[in-house]
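Residue numbers (UniProt numbering): 1 to 984.
Notes to accompany the following structure.
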């Protein structure tokens with residue numbers, strides 16, 4: 001069977017006509033509650049929030065019902081206790097269903113406002129609202145915790161905007177915010193930006209929408225308002241108006257940004273507003289984060305326009321109320337509920353009320369009203385007589401794909417497609433639009449996704465060929481091929497022949513594209529090539545990579561003989577073999593030795609594909625055995641930027657995996673130093689390629705040679721420092737950046753002479769660089785700052801000889817004054833030290849003058865020991881014998897030694913303690929003296945020797961203990977092994 005004919009015939013008949021679908025009614029009214037008033041009169045006002053319903057009746061009762069159980073047991077009746085001629089006019093319920101406001105008229109006709117908490121059994125009159133006729137309420141747009149509320153925005157018939165604070169339900173606080181100069185407020189809304197937390201307030205009057213903007217509270221919104229606020233004038237005759245918020249598609253991201261703090265999670269963010277006015281529906285997009293709101297809050301309302309009512313109802317009809325679902329307006333008239341598409345502005349359906357609502361006894365006109373849910377944006381209920389209906393809009397998006405398609409909104413149309421036929425219709429229309437705009441390649445991609453039988457596969461392909469658009473034809477074919485080799489909706493899952501033919505056709509287009517790109521690159525890289533030549537070369541490499549990726553992806557679909565013939569004809573005979581070879585080497589059953597054997601050949605033909613295969617190999621390949629292939633990629637005869645990048649990617653992966661081969665680090669140095677652009681990657685490698693003790697894992701001499709040869713001067717400075725060549729590092733750094741040279745000098749280590757020499761080199765360079773007399777002031781300023789940065793290693797007398805003779809001394813006045821003050825301070829410090837030394841010398845002289853007798857008294861100083869005193873070393877009583885471990889005792893060995901510090905020792909304990917801290921020679925003398933004294937031989941001489949070695953100072957307080965601080969904790973043959981076990 002012919003490919004193109006078969007391609008068309010396998011498309012299912014059930015998707016041939018995207019418009020062939022059942023057309024039942026989109027909307028319906030479902031009874032939500034009947035007999036709402038429960039015999040307490042007729043309903044006069046209704047409010048809804050989630051599952052909480054509040055009904056005000058003509059007999060001044062307030063009924064609160066829970067709709068979640070569907071029964072009558074959860075109805076709470078509250079008698080408003082108003083006189084019989086008092087009238088309830090309106091009721092408002094907050095989003096949480098906890099707070100309710102009721103607007104009423106007293107028997108005298110004076111307006112009054114009542115408040116009811118969900119936990120109360122009685123209503124409370126808000127005395128501070130006395131005389132204010134409440135007409136509009138805007139709750140804080142969040143699900144606040146029960147029985148708490150943020151300040152509520154109120155509007156009155158006199159045009160006053162008021163803040164009502166119910167934080168203490170028993171004592172309200174009322175604060176007037178702004179006056180709209182006698183214009184009655186019909187609606188108010190407040191919305192919070194999830195991104196900035198700023199508040200936007202909208203107030204609707206018979207002729208205008210007034211806008212206010214502030215940081216986060218109602219007071220902020222109105223604090224800077226002087227005179228009339230900014231706003232929009234309605235394109236309609238003044239009259240009764242009603243505002244409703246518009247909500248679009250649910251936005252999970254926006255919901256996640258709305259933090260649920262102590263004030264509750266923000267409700268869904270409205271996308272716009274709609275205002276019902278005498279001449280039609282005024283619609284505007286809402287942008288609470290639009291720029292310029294601080295000076296003009298009305299900038300938040302954009303793309304506004306009017307939908308005239310005579311377009312909706314050509315015969316003319318009076319609209320009573322307006323509400324909005326996700327995609328439609330709900331317009332209520334006395335006889336029907338009309339649904340109008342918000343996108344197309346066309347009437348969709350009329351729901352005749354007589355089919356649903358029953359008339360009320362003794363009521364001439366059926367009470368009607370739309371009740372939007374204050375908690376769930378887009379939910380609409382209809383109050384008709386004593387019944388409450390919910391508008392069933394579950395299928396309202398059924399035809400929205402077609403509506404968005406007719407409006408040219410292709411992305412939105414695709415989101416609402418439910419069948420492959422609908423998506424194909426959208427792709428086809430979007431492709432036609434791309435052709436009209438001259439974007440043939442985009443049209444090719446879109447047409448390739450079409451699964452309809454009309455237009456046919458061959459018609460679309462011939463259309464691109466007739467227009468001489470090979471790139472678009474390639475996109476068209478490529479859109480018909482997926483990861484398994486065939487686009488299932490287009491060619492069928494099991495037809496390998498068709499998949500092979502399409503893939504072969506696409507391969508030929510790719511080879512032709514590569515050939516043309518290679519010819520263009522060779523022409524532009526000739527004599528006189530510039531930036532254009534470089535871009536052509538990059539394009540040729542991109543096409544080559546695209547071809548290799550195509551072969552790698554569809555190697556199982558392509559016919560080997562045909563593909564080899566095509567590749568040979570375009571000068572790419574080995575590309576398919578490379579792709580197939582890499583597929584074979586990926587198999588776990590193939591020995592890794594084959595990968596090592598053929599690595600150089602495969603890398604030469606397809607560097608990127610080979611490296612990807614090496615990195616993905618499992619088990620991992622040995623990087624050391626792949627070094628010949630890697631060296632060929634980095635510095636071989638055919639090495640280029642692409643092959644070096646491929647080699648570097650493998651080296652990075654190997655080093656990250658823990659490979660520690662020295663040759664691999666040397667190769668990394670070569671590749672990093674050859675990268676185009678800056679030195680950031682090379683510097684990062686030099687910083688990180690080190691052992692836990694900070695020693696470089698690479699050869700620093702090789703690294704320095706490569707850095708100098710390839711002009712990587714910042715890296716060379718760092719490497720000079722690693723090698724201890726600080727003078728060379730400073731000299732090179734001075735050619736780059738003065739601050740870099742200063743940092744190098746500051747890291748020179750503890751050699752004060754070296755550091756001073758480096759600072760002098762920097763100072764000399766700065767002075768020489770400012771040789772022009774006009775630059776002398778700048779040079780002096782730089783040297784002055786250098787003196788401070790050197791930390792005292794460099795002084796003014798060191799740098800003065802470096803300046804030319806013609807420099808005036810006045811230029812150094814501030815520096816010299818500072819230096820003289822420092823010298824004066826040093827002189828004062830020396831004077832104080834000399835005074836202390838002189839005083840000490842006089843004290844010694846006075847002792848001497850008093851005679852040697854007073855000095856001799858020190859030799860016969862007496863100390864008294866308690867009988868229970870213990871040895872400072874062994875802890876035993878001094879009256880008892882020392883431990884055997886202390887060494888020889890008894891005989892002529894002194895039993896006790898007492899020091900002026902208060903420490904007392906057994907004679908042998910003191911000898912053992914001093915011997916442990918003493919040098920080897922002194923240790924041998926102490927041992928010999930103890931042995932002779934224990935034996936009683938030559939007591940006088942050996943006792944004098946022992947006293948000289950052990951009794952000159954307390955071993956716990958003398959110089960021996962100070963020297964002990966420098967003794968390592970670990971010593972001996974096991975010290976190195978112990979230290980190695982603590983290495984990180």
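The beta-carbon is built from N, C-alpha and C at its ideal position, and this holds for glycine as well.
- Taking C-beta atoms under 8 Å as the contact rule, residue 359 and residue 385 qualify, at a distance of about 7 Å.
- Residue 907 places its beta carbon less than 8 Å from that of residue 894.
- Ranking 471, 332, 223 by CA distance to the CA of residue 509 puts 471 first.
- The Cβ atoms of residue 177 and residue 222 lie closer than 8 Å to each other.
- For the 8 Å CB-CB criterion, residue 392 and residue 29 form a contact.
- Looking from the CA of residue 98, the closest CA among 87, 104, 105, 118 belongs to 118.
- Around residue 354, the same chain offers 335 as residues with beta carbons nearer than 8 Å, after the five sequence neighbours per side are excluded.
- For residue 648 and residue 623, the gap between their C-alpha atoms comes out near 12 Å.
- Residue 39 and residue 57 have their C-alpha atoms some 9 Å from each other.
- Between the segment 930–948 and the segment 882–894 there are three or more C-beta pairs closer than 8 Å, enough to call the two in contact.
- Here residue 79 is bridged, per DSSP, to 61.
- Per DSSP, the unbroken alpha helix (DSSP H) holding residue 688 starts and ends at 680–688.
- Three or more beta-carbon pairs separated by less than 8 Å are not found between the segment 164–176 and the segment 191–210, which leaves the two stretches without contact.
- Cβ contact annotation for residue 233 (same chain, cutoff 7 Å, sequence separation greater than five): 207, 208, in chain order.
- Distances from the alpha-carbon of residue 946 to those of 976, 912, 403 put 912 closest.
- In chain order, 871, 873, 874, 882, 886 place their CB closer than 6 Å to the CB of residue 909, counting only its own chain and leaving out the 5 sequence neighbours on each side.
- The DSSP-derived three-state label of residue 42 is coil.
- Closest in C-alpha terms to residue 924, from the list 62, 401, 87, 950, comes 950.
- One alpha carbon belongs to residue 440, the other to residue 434, and they sit about 7 Å apart.
- The Cβ neighbour count for residue 273, taken over all protein chains shown within 10 Å, is at least 16; the residue is labelled buried.
- Counting only residues of its own chain and dropping the five nearest sequence neighbours on each side, residue 238 has a CB closer than 6 Å to the CB of 206, 207.
- The beta-carbon separation of residue 90 and residue 103, rounded to 4 Å, stays under the 8 Å limit for a contact.
- Distance from the Cα of residue 313 is smallest, within the candidate group 968, 332, 299, 26, for 332.
- Counting the other Cβ atoms within 10 Å of the Cβ of residue 419 gives fewer than 16, which makes it exposed.
- Contact between residue 416 and residue 397 holds, since their C-beta atoms are separated by about 5 Å, short of 8 Å.
- Rounded to whole angstroms, the separation of the alpha carbons of residue 426 and residue 667 is 53 Å.
- Looking only at 424, 134, 688, 627, the smallest Cα-Cα distance to residue 656 is reached by 688.
- Of 423, 612, 944, the smallest CA-CA separation from residue 646 is found for 612.
- Burial check for residue 926: the Cβ neighbour count within 10 Å reaches 16 or more, so the residue is buried.
- Separation of the CB atoms of residue 149 and residue 132 is rounded to 19 Å, and the pair is thereby denied contact status at 8 Å.
- DSSP places residue 908 inside the alpha helix (DSSP H), whose first and last residues are 907–917.
- In the displayed model, residue 297 falls within a helix according to three-state DSSP.
- The three-state reading of DSSP puts residue 410 in helix, counting H, G and I together.
- About 6 Å separates the beta carbons of residue 476 and residue 460, which is inside the 8 Å limit, making them a contact pair.
- Inter-residue distance for residue 125 and residue 109 is about 15 Å (C-alpha atoms, whole angstroms).
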